[in-house]
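Here the protein sequences come in this chain order: P and B. Just so we're aligned: 132 in numbering that gives the first Met the number 0 is position 133 of the first sequence, and the numbers increase by one with no gaps anywhere. Just so we're aligned: 212 in numbering that gives the first Met the number 0 is position 213 of the second sequence, and the numbers increase by one with no gaps anywhere. Structure, as structure tokens:
Protein chains: 2
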Amino acid sequence: MANSPTGESVIHRLVRIISAFDAAHTAMPVSTLARRTGLPPTTTYRLVDEMLEEGLLERDPRGKVRIGVRMWELVSRSSSMLGLREAAFPFCEDVHAVVQHHTTLGILDQDEVLYIERLSARSSAVNIAKIAGRLPIHACSSGLVLLAYSPKEYQDRIMARPLTKYTDSTITTPALMRQHLAEIRQHGYAAMRGIIVPESSGIAVPVFNAENRAVAALNVIVPAREENTAATVPLLKAAARGISRTLGWRGELTGTVHRTQKIPVQR
Amino acid sequence: MANSPTGESVIHRLVRIISAFDAAHTAMPVSTLARRTGLPPTTTYRLVDEMLEEGLLERDPRGKVRIGVRMWELVSRSSSMLGLREAAFPFCEDVHAVVQHHTTLGILDQDEVLYIERLSARSSAVNIAKIAGRLPIHACSSGLVLLAYSPKEYQDRIMARPLTKYTDSTITTPALMRQHLAEIRQHGYAAMRGIIVPESSGIAVPVFNAENRAVAALNVIVPAREENTAATVPLLKAAARGISRTLGWRGELTGTVHRTQKIPVQR
Numbered sequence: 000m001a002n003s004p005t006g007e008s009v010i011h012r013l014v015r016i017i018s019a020f021d022a023a024h025t026a027m028p029v030s031t032l033a034r035r036t037g038l039p040p041t042t043t044y045r046l047v048d049e050m051l052e053e054g055l056l057e058r059d060p061r062g063k064v065r066i067g068v069r070m071w072e073l074v075s076r077s078s079s080m081l082g083l084r085e086a087a088f089p090f091c092e093d094v095h096a097v098v099q100h101h102t103t104l105g106i107l108d109q110d111e112v113l114y115i116e117r118l119s120a121r122s123s124a125v126n127i128a129k130i131a132g133r134l135p136i137h138a139c140s141s142g143l144v145l146l147a148y149s150p151k152e153y154q155d156r157i158m159a160r161p162l163t164k165y166t167d168s169t170i171t172t173p174a175l176m177r178q179h180l181a182e183i184r185q186h187g188y189a190a191m192r193g194i195i196v197p198e199s200s201g202i203a204v205p206v207f208n209a210e211n212r213a214v215a216a217l218n219v220i221v222p223a224r225e226e227n228t229a230a231t232v233p234l235l236k237a238a239a240r241g242i243s244r245t246l247g248w249r250g251e252l253t254g255t256v257h258r259t260q261k262i263p264v265q266r
Numbered sequence: 000m001a002n003s004p005t006g007e008s009v010i011h012r013l014v015r016i017i018s019a020f021d022a023a024h025t026a027m028p029v030s031t032l033a034r035r036t037g038l039p040p041t042t043t044y045r046l047v048d049e050m051l052e053e054g055l056l057e058r059d060p061r062g063k064v065r066i067g068v069r070m071w072e073l074v075s076r077s078s079s080m081l082g083l084r085e086a087a088f089p090f091c092e093d094v095h096a097v098v099q100h101h102t103t104l105g106i107l108d109q110d111e112v113l114y115i116e117r118l119s120a121r122s123s124a125v126n127i128a129k130i131a132g133r134l135p136i137h138a139c140s141s142g143l144v145l146l147a148y149s150p151k152e153y154q155d156r157i158m159a160r161p162l163t164k165y166t167d168s169t170i171t172t173p174a175l176m177r178q179h180l181a182e183i184r185q186h187g188y189a190a191m192r193g194i195i196v197p198e199s200s201g202i203a204v205p206v207f208n209a210e211n212r213a214v215a216a217l218n219v220i221v222p223a224r225e226e227n228t229a230a231t232v233p234l235l236k237a238a239a240r241g242i243s244r245t246l247g248w249r250g251e252l253t254g255t256v257h258r259t260q261k262i263p264v265q266r
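Structure, rendered in structure tokens:
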């Protein structure tokens, strides 16, 4: 019923239309939209009319179409991301204020890091992590942290694929990757210099949810060779604990807890 | 082609499904979704399946459906709101750090204020402005600022409607409203105590775009009777000028510019 002669559903065509917009193309004439989606112009015009009517798209003052305010609102107010972003925000802000470098929050989605928050520094390192932007899992500190805390089967699946080399420092072999992931789990953070662009370093720590699963990575990006890892890591870890606790995490149940001292009962 | 037997388009039904989610209902079983949308269960199940396939919806660990990460990403990365939020963010952050109260950025949409950013204070005033939440134009300081800088025809249209009284301080008569709007324009800010909830005050200033149009309001929310208007207004005005300049605004061409002094030429 809802399918075109080619069997493509209305919803799939709607996704093709929305996907034609990105940060570099936020508004365009309908003719351009038809060209970018590859849909027949008549189909595009009809769908755009319906989407304009529902507020999913809107016209800008020059008559170009763009993603509608209503669409942003519908998605933003109900997204499960809102809870994570709201929990993380005050802690991200504190990190950002103290470190004075780009601070991001990223999650894993479709084997990539999707950045759901970015607090930018006005003058700081090159930062290629954009809000709602993606970076490859093996070539950013957030990705490596999230991978380090993922199940082994997932790690194996990622390492079975070719790992693109972005710089001389990108980790591209499973053996070296396994060594890095073990170190990250042991120390509780990743500090990587120039693995996607030579001039930036990333320092990232995991954020846990109530089920003790690493659901996000908190990350600062600093100019390469200006890392102050010794000072930054404790700050990031403390902030990540705060975010995790807000998400219902109750602290590690296993691991580095040692009970060698008998604690006297308070009377 | 894409219409149901009732003549309702697939896109309209998709909007009904997305609209069924909100901050209090971020995930639900498909049966609940059918009930909340009022669509027939079979239609709902079929549409949900298609939306799951496209990533517009996703299943949470308990099997409930929610707005998908992909949908958030598609909308966020291309929204015209992103430009405004990114331009505003560092300035909002500075205001928030100094004032230490809730700081919001709101735009006018469908005769209401839609909040596109909120930096919360950990302990501060009651703040009913949520990200992607709405407040009535006549009952919040952001709304009054945006109304004050709107064309007269638009103001008349808003004042022709019944204005809901939320508290004893809500402005509900056109005569009093006109007086307030004139004062806001004259002084360049709105400072309103308890007009929507008795315990909060709002102080808001306009943000202008390259066409010198007030496109957003920058707002701080403080506990009623703890306003420090004399200190807050200059800070807000300076931040709003910074945001406006980032948006391409080049300063007022008319208004309160006085040239009574001859400026000596530097040699």
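Ideal Cβ placement from N, Cα and C applies to all residues, glycine included.
What are the start and end residues of each continuous alpha helix (DSSP H) run of 4 or more residues lying completely inside the region 45–123 of chain B, in chain order? 68–77, 79–98
Step through the CB atoms of chain B and report whether any lies within less than 8 Å of the CB of Ala-209/P. Not one chain B Cβ lies under 8 Å of Ala-209/P.
Does the beta carbon of Thr-25/B come closer than 8 Å to any beta carbon on chain P? Answer yes: the Cβ-Cβ gap between Thr-25/B and chain P drops below 8 Å somewhere.
Where the region 61–73 of chain P meets chain B: residues whose CB sits under 7 Å from a CB there: Arg-65, Ile-66, Val-68, Met-70, Trp-71, Glu-72, Leu-73
Taking only runs that begin and end inside the region 142–199 of chain P, name each unbroken alpha helix (DSSP H) of 4 or more residues, in chain order. 151–158, 173–186
So the beta strand (DSSP E) Arg-133/P belongs to, where does it begin and stop? 133–135
Between the Cα of Val-112/P and those of Arg-224/P, Ala-203/P, Gly-187/P, Pro-173/P, spot the shortest distance and give me the residue it belongs to. Ala-203/P
Sheet register partners of Pro-222/P (DSSP bridge): Ser-199/P
Local conformation of Val-214/P per DSSP, three classes: strand
Buried or exposed: Pro-201/B, going by 16 or more other Cβ atoms within 10 Å of its Cβ? Before going further, note that residue 201/B is Gly rather than Pro in the sequence given. So Gly-201/B ends up on the buried side.
Pick out whichever of Glu-116/B, Pro-60/B, Glu-210/B, Leu-234/B has its Cα sitting closest to the Cα of Trp-71/P. Glu-116/B
Arg-258/B - DSSP class collapsed to helix/strand/coil: Here Arg-258/B scores only 36 on pLDDT, less than 50, and its place in the model should not be relied on; the value that follows carries that caveat. Arg-258/B: coil per DSSP, three-state reduction.
For Pro-28/B, list the residues DSSP reports as bridge partners. Paired residues: none, contrary to the question.
Do Ile-242/B and Ala-87/B have their CB atoms nearer than 8 Å? Contact flag set, yes.
Determine the DSSP secondary structure at Val-125/P, reduced to helix, strand or coil. coil
Please check if any C-beta of chain P sits within less than 8 Å of the C-beta of Glu-111/B. Judged by the 8 Å Cβ criterion, Glu-111/B is not in contact with chain P.
Alpha carbon of Thr-169/B to alpha carbon of His-100/B, nearest angstrom: 22 Å
When you compare only the Cα positions, how much space is there between Ala-120/P and Ile-106/P? Using only the alpha carbons, I get a separation of about 21 Å.
Rounded separation between Gly-54/B and Tyr-44/B - CA only: 15 Å
Is any beta-carbon of chain P found at less than 8 Å from that of Thr-259/B? Because Thr-259/B carries a pLDDT of 35, less than 50, the predicted location of this residue cannot be relied on, and no value is offered for it.
Do Ser-149/B and Ala-189/B have their beta-carbon atoms positioned less than 8 Å apart in this structure? no
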